[in-house]
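Numbering (the numbering used here), first residue to last: -4 to 320.
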């Protein structure tokens, strides 16, 4: 027998002659395990620092986390976020459609609005609406350039809450318009041409064909904008409006517990941001129907899949009986 033939017959040292009988072992990743161990050590060090340092005053955090004043401020923050999101994205859709229209006047007005409100900082817009009574002591509604039918004192009509909603919504509309416009432009032009060729009314084209497809592009950025708006509501503290951050400031200015009260606000921001992120995931998953062959698994499905495959993975990690190392 020649040397190559003998080598083929013998195979690896201690292994069966037939390659199909060789034991199959999973690939080892020592550096992956080392990196995971290093990360766990860092996480443990961080947790130890947070729990053992008495300056954090976790008992104060526990006392105020569900306090009535904090709950009222949190509810106001949620309301501001909802109002700003609904009104901002509603106006943003109108501005995006105006920008994409064939009318040069509508497109110019939309572009000017987006340019102006993206150029002015949010805090400046809030203070402007809050002090609108300096410019106009009364607001009237009637025939343009004609007589007024109804008139209201500006100080009574524009309350701090109204000024906050106006500022947040109008500011958000400028960014929402660009997000919606990018999503509409991402829809294949052939879809719009086919809908027009079938004689489908323009409004129905937008509602049933264009926007459902555009949502796949809109949702990731829109979700980030909503989360940013939720955290951006803290800016309304300049109007002494009792949202979460303002209320926390009032408490720690009275008690001196700055860090614990900041942790109270931080924990609530984390909780609600997590809920918004989860909602964004399910909305994105809904609009992915028809665009992907298989929908991404939900977190619960991932856990179930991991638990079902864990016994098999453990059995695969064991060396087969009779196999030599």
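In this text, a Cβ means the ideal position worked out from N, Cα and C, and glycines have one as well. Treat the numbers as computed from the prediction; the structure is a model and nothing was measured.
Given a cut-off of 7 Å, decide if residue j and residue i are closer than it, judged by their beta-carbon atoms.
i, j, result
"residue 172", "residue 111", "no"
"residue 68", "residue 237", "yes"
"residue 157", "residue 131", "no"
"residue 225", "residue 232", "no"
"residue 164", "residue 82", "yes"
"residue 143", "residue 179", "no"
"residue 242", "residue 176", "no"
"residue 162", "residue 120", "yes"
"residue 127", "residue 153", "yes"
"residue 129", "residue 230", "no"
"residue 218", "residue 167", "no"
Quick one: residues in its chain with C-beta nearer than 8 Å to the C-beta of residue i, no 5 flanking neighbours on either side, listed in chain order?
i, result
"residue 36", "none"
"residue 283", "211, 290 and 291"
"residue 160", "75, 78, 79 and 82"
"residue 300", "292"
"residue 318", "Low per-residue confidence applies at residue 318: pLDDT is 49, beneath 50, and the placement is therefore not dependable enough to give any value."
Alpha helix (DSSP H) containing residue i: first to last residue?
i, result
"residue 218", "206 to 227"
"residue 155", "155 to 181"
"residue 231", "That residue, residue 231, is in no alpha helix (DSSP H); it is neither H nor E in DSSP."
"residue 123", "117 to 125"
"residue 43", "25 to 47"
"residue 68", "63 to 95"
"residue 58", "53 to 60"
"residue 380", "Absent from the model: residue 380. The displayed extent of the chain is -4 to 320, so no value can be given."
"residue 114", "99 to 114"
"residue 198", "197 to 200"
"residue 203", "Looking at the DSSP string, residue 203 is not in any alpha helix (DSSP H), and its letter there is neither H nor E."
"residue 189", "184 to 192"
"residue 239", "239 to 250"
According to DSSP, residue i sits in a beta bridge with which residue or residues?
i, result
"residue 143", "137"
"residue 148", "133"
Just to check my reading of the structure: residue i and residue j have Cβ atoms closer than 8 Å, yes? What is that Cβ distance to the nearest angstrom?
i, j, result
"residue 268", "residue 213", "That belief does not hold up - the Cβ atoms of residue 268 and residue 213 are roughly 20 Å apart, past 8 Å."
"residue 174", "residue 186", "At roughly 19 Å, the Cβ-Cβ gap does not stay under 8 Å, so residue 174 and residue 186 are not in contact."
"residue 234", "residue 139", "About 31 Å separates the two Cβ atoms, so there is no contact after all."
"residue 133", "residue 146", "5 Å"
"residue 279", "residue 215", "7 Å"
Could you pull out every residue in the same chain whose Cβ sits closer than 7 Å to the Cβ of residue i, ignoring the five residues on either side in sequence?
i, result
"residue 259", "56, 59, 60, 65 and 243"
For residue i, I'd like the list of residues in its chain whose CB is within less than 6 Å of its CB, leaving aside the five on either flank, ordered along the chain.
i, result
"residue 255", "52, 55 and 56"
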